[in-house]
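Asker:
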Amino acid sequence: MSVSEEKDRHEELIQALADYDHAYHVLAQPKVPDAEYDRLFSELKALEKFHPAWVRPDSPTQRVGAPLPEGSKFPRVEHAAPMISLESLFSMDEVEAFHERVLKGLDGEGGEAPNYACEPKWDGVSASLVYEEGLLVRAVSRGDGSVGEDITPNLKAVGGVPLRLRGQAPALLEVRGEVLMPISSFDSLNEALVGADEKPFANPRNATAGTLKRLDPAPAAKRGLRIFVYELARLEGMTEPPTHSKSLDALMEWGFPVSPWVEVVDGPKGVAAFYAAMEAKRGEADFEMDGVVAKVDQKGLRDLLGSRARTPRWACALKFAPREEMTRLLKIEIQVGRTGRLTPRAHLEPVKIGGVVVRHATLHNARYLRELDVRIGDTVTVRRAGDVIPQVMGPVPEKRDGSEKPFQWPGKCPACSSAVAGKGELQFCPNLDCPAQARRRLQHFVSRGALRVEGLGEKAVELFSDAGLLSSLDSLFDLDWNAVAALEGWGEKSVQALREQVEKAKEADWPRFLFALGIPGVGPETARALCVPFPNLDSMREAAGGDKAEQKFTEVEGIGPEVAASLISFFREPRNLEVLDRMVAAGVSPLPSKSLASGGPLEGSTFVLTGTLSLSRGEVKEKIENAGGKVTSTVSKKTTFLVAGAHAGSKLEKATALGVEVLDEKGLGLLLGEDSP
Ligand code: IVH
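At position 16 of the sequence shown the residue is numbered 15 (numbering that gives the first Met the number 0), and the sequence of numbers has no breaks.
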């Protein structure tokens, strides 16, 4: 390639990658496979390495730049327009009163009645982005509202933030939005922190704030931070749209991720309906919401109403019921995990949080427990967020009366009395034969995400173990069915159904089987990745037992030395190998994953799921993926099928409007070649 051809290619790559980023993060409709993206990205990096002068601030290679040097601080920047906040309301009566104040404030001026643009109130960290001639030049944290910190490198690493605006760019644009950590990333981050015996974050918001405070932008990218922009703050060189909702449309055109649920209504009733709809979505979204925001839509009316010192008169936030409550800590139980880890679990006086009765909550680890200084009998605050396991946030010391008892960390395993071993602050039971560990391993082995042996839930595993019918993993395939039939609550039908399930489990998908073994660090994703180069149990055993095992494992994308070590020690432990041999002898032979085989009947089709389906979303998604299809979350022209269950809402409308084919579950079942889905 000549230099001028290289320059053209450089430009072409920047544009293509920016387009793919937008499709991936904003439209949730990836245009190319990850591998193709990575290939183009490497090509761009190579070109820029050769021609360093070509590196531009909007090149995708600049998303995760170099960390700021240790000890430095983010520069402080004054906001051109202050970042004010919102008046919080807690009842519909207050919304009525807010509406009255708006009407009174307008006093018939403005010539029209106010409409309200309703949006979710995302519970993250706000930031302001400044674009000059279409190029992102600065990203600033809220700070005290007047002065914030320049956190441009971190914001560039946030998924969906355009480095350059799409389409026709104004001379200057400043937008405000909320940076969020997906609840799923938050869960895995906390799991990793707890695993390393570090302090977990209390909620996704704190985790986001903690990530954005880092001088190194890499964690912002790695932890999957996202943004939803919600206000156009300044615009120069172009006429401002007359309404907020039109501004959001313009922001979308420029390539920003905007909240998927925005609705313009004409009064408090409409706000109430939107609130109810969002409350229902609260458990479904992968981002935390703490209420809804209602904003006067017409900019002219906003100007007439103006702002108070800290909050505008034209907007309000109607908050959801908090997901935090107080209750009494009755006792602390030490649970033994499947890897022997000891985890303190709080037994609580039952308390309703966000509509669910909570009886137990996690206290994470010994260090967390000690640092909180919670005592038995304390009144504690308990938080439930999204799908996250409830956690004890801390004691309420003012409520103490002196009768509370400090908790003594045990020196022995509560299940087998082995002396507790400590690896740093980590506490675990070192006994491989510990019955509590065996139970947990079994519970995991048969669980829905693993071998999915229906009918053998956690309670049943307890029952079978107590009766001496289940011990190690292989005992599942050597059950004494007469003894099972003699157990209380196990009639002929349920025994027969379980027998069939156990037979089916013998031919589980290989990645599922690998995940089911419960090897520390091997989650479902890692298992899938491993099953590509190691397509069956034998190849895996051979790799782990042979030369250069670590190298072979770390060559797999996403596998580091720790997981490699964990695999090696699992597959070299003679007792584990005996268990595996016994399983094979009993007829267990995991099948190569269907999902890894290309050419499935649904290959090339993109699905969106909506409404209530008879199976969980995760299960339907898996079926589609196993048949080679793809599942995304937003309907667009590229969607092949919308699978609609009962109470399907806006997605169904959108699909119909776009002419996307709509299927019910039966229809999906037909595509999958099943009799019933
Ligand atoms: S508008 C002048 N819209 O809530 C209007 N804020 O207490 C400024 N937030 O600092 C805010 N979702 O961090 C607006 N859809 C939304 C929002 C939102 C979340 C946050 C934002 C702000 C705080 C207000």
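Even for Gly, the Cβ is constructed at its ideal location relative to N, Cα and C.
What does the alpha-carbon distance come out to for the pair E561 and D473?
Answerer: Taking the straight line joining both Cα atoms gives about 26 Å.
Asker: For D508, list the residues DSSP reports as bridge partners.
Answerer: L590
Asker: With three or more beta-carbon pairs closer than 8 Å as the criterion, would you say the region 166 to 177 touches the region 126 to 133?
Answerer: These segments touch.
Asker: Hey, could you find the ends of the alpha helix (DSSP H) P523 is sitting in?
Answerer: P523 to L529
Asker: With a threshold of 8 Å, are at least 3 pairs of Cβ atoms found where one atom belongs to the region 4 to 20 and the other to the region 136 to 154?
Answerer: By the criterion of at least three beta-carbon pairs nearer than 8 Å, the region 4 to 20 is not in contact with the region 136 to 154.
Asker: Among the candidates E506, R366, A220 and K351, whose CA atom is the shortest distance from the CA of V583?
Answerer: Of the listed residues, the one whose Cα sits closest to V583 is E506.
Asker: I'd like to confirm the pairing. Which residues does DSSP put opposite V391 in its beta bridges?
Answerer: V381
Asker: For the 8 Å Cβ check, are there 3 or more pairs between the region 358 to 369 and the region 445 to 465?
Answerer: no
Asker: With 16 other CB atoms within 10 Å as the buried threshold, where does A643 fall?
Answerer: buried
Asker: Pairs of beta-carbons, one from the region 490 to 508 and one from the region 314 to 332, closer than 8 Å: are there three or more?
Answerer: Segments in contact, no.
Asker: Please report the residue range of the alpha helix (DSSP H) in which Y115 lies.
Answerer: Per DSSP, Y115 is not a residue of any alpha helix (DSSP H); the beta strand (DSSP E) it occupies stretches across Y115 to W121.
Asker: Would you mind giving the Cβ-Cβ distance between F514 and A449, rounded to the nearest angstrom? I have them listed as a contact below 8 Å.
Answerer: About 6 Å separates the Cβ atoms of F514 and A449, confirming a contact at the 8 Å cut-off.
Asker: Where does H243 fall in DSSP's three states?
Answerer: helix
Asker: Pop quiz: P529 and V555 are said to be a contact at Cβ under 8 Å. What is the actual Cβ separation, rounded to whole angstroms?
Answerer: Before going on, a small fix: residue 529 reads as Leu here, not Pro. Indeed, because the Cβ distance is near 6 Å, the residues count as touching under 8 Å.
Asker: Which same chain residues end up closer than 8 Å to E239 when comparing Cβ atoms and leaving out the 5 residues on each side of it in sequence?
Answerer: L231, S246 and K298
Asker: In the DSSP assignment, find the unbroken alpha helix (DSSP H) run with T605 in it and report its ends.
Answerer: Where T605 is concerned, there is no enclosing alpha helix (DSSP H), although the beta strand (DSSP E) it sits in stretches over T605 to T609.
Asker: Since A126 and G176 are thought to touch, with beta carbons under 8 Å apart, how far apart are those beta carbons, to the nearest angstrom?
Answerer: About 6 Å; that satisfies the 8 Å criterion.
Asker: What is the rounded straight-line gap between the Cα of K261 and the Cα of E577?
Answerer: The sequence given here has Val at residue 261, not Lys. Going by C-alpha positions, V261 is about 58 Å away from E577.
Asker: Pick out whichever of K120, A320 and T207 has its Cα sitting closest to the Cα of S140.
Answerer: T207
Asker: Taking the beta strand (DSSP E) that T338 belongs to, which residues open and close that run?
Answerer: Per DSSP, T338 belongs to no beta strand (DSSP E) and is neither H nor E.
Asker: Can you tell me whether K120 is buried or exposed, with buried defined as 16 or more other CB within 10 angstroms of its CB?
Answerer: buried
Asker: Any heavy atom of ligand 1 closer than 7 Å to the Cβ of A484?
Answerer: For A484, the Cβ stays outside the 7 Å cut-off from all heavy atoms of ligand 1.
Asker: Thinking C-alpha only, which one of G142, L135 and K665 is nearest L154?
Answerer: L135
Asker: Tell me whether R327 counts as near ligand 1, meaning its Cβ is closer than 7 Å to at least one heavy atom of that ligand.
Answerer: no
Asker: Who pairs with Q297 in a beta bridge, going by DSSP?
Answerer: T242
Asker: Quick one: what does DSSP say V174 is sitting in, helix, strand or coil?
Answerer: strand
Asker: Assign V2 to buried or exposed, taking buried as 16 or more other Cβ atoms, counted over all protein chains shown, within 10 Å of its Cβ.
Answerer: Taking all protein chains in view, the Cβ of V2 is surrounded by fewer than 16 other Cβ atoms within 10 Å, so the residue is classified as exposed.
Asker: Check whether the Cβ atoms of V263 and A116 lie closer than 8 Å to each other.
Answerer: yes
Asker: For H290, which three-state DSSP category applies?
Answerer: Reading off the sequence shown, one finds Gly at residue 290, where the question assumed His. Three-state result, G290: strand.
Asker: Excluding the 5 residues preceding and the 5 following I388 in the sequence, name in chain order all residues of the same chain whose CB lies nearer than 6 Å to its CB.
Answerer: Counting only Cβ-Cβ distances below 6 Å, and skipping sequence neighbours, we find T361.
Asker: Within this structure, are the beta carbons of S258 and E118 separated by less than 8 Å?
Answerer: yes
Asker: Within the continuous beta strand (DSSP E) that includes Y229, where are the two ends?
Answerer: For Y229, the enclosing beta strand (DSSP E) begins and ends at R225 to E235.
Asker: Helix, strand or coil for T151? Go by DSSP, reduced to three states.
Answerer: helix
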